[in-house]
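Asks: Sharing a structure here in structure tokens format.
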Amino acid sequence: ALAAPAPEPTPVAVQPVNVAALSDQERSALVYAFLNTARLTGVRGTGTSARVLMNERVFRLNDIVDTALGLRLSGVQPNLMVFTDAQGKTYEKPY
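Per my numbering, residue 4 is the first one in the sequence shown, and the count goes up by one each step.
Structure follows, in structure tokens:
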């Protein structure tokens, strides 16, 4: 006998976060949460020609990686990616 189909999931309303209204500490916590859960699957090259495969998308230098946070890929070095938020604060993610 076949199992009954799984019920459809119920959508949950999520309120967008106004990142500009957050304190520096709250904004940093959101950025680090994003970076800690980002699925990095490949890095090709370093410097201005670098490409990063993250969260099933390809990003180049200065591409926005998270629009809500205003977070962009600002540098790729050997074993280190650098990100900059909309306020100009930099964050590093080793790989």
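For every residue, glycine included, the Cβ atom is placed at its ideal position computed from N, Cα and C.
These figures come from a predicted structure and were not determined experimentally.
1. With a CB to CB cut of under 8 Å and the five nearest residues on each side skipped, what residues in its chain are close to Thr-51?
2. Less than 6 Å between C-beta atoms, sequence neighbours within five positions excluded: which residues of the same chain meet that for Val-61?
3. Closer than 7 Å by C-beta to Leu-56: which residues in its own chain qualify, once you throw out the five before and the five after it? Chain order, please.
4. I need the boundaries of the beta strand (DSSP E) containing Ala-93, first residue and last residue.
5. Quick check on DSSP: helix, strand or coil for Gln-90?
6. Leu-119 lies in the alpha helix (DSSP H); which residues open and close that run?
7. What residue range is occupied by the uninterrupted alpha helix (DSSP H) comprising Arg-30?
Replies: The answer reads as follows:
1. Leu-64
2. Arg-54
3. Thr-44 and Gly-45
4. Note on residue identity: the sequence assigns Thr, not Ala, to residue 93. Element bounds for Thr-93: 93 to 97.
5. coil
6. No statement about residue 119 is possible, as the shown extent of the chain runs from 4 to 98 and does not include it.
7. 27 to 40
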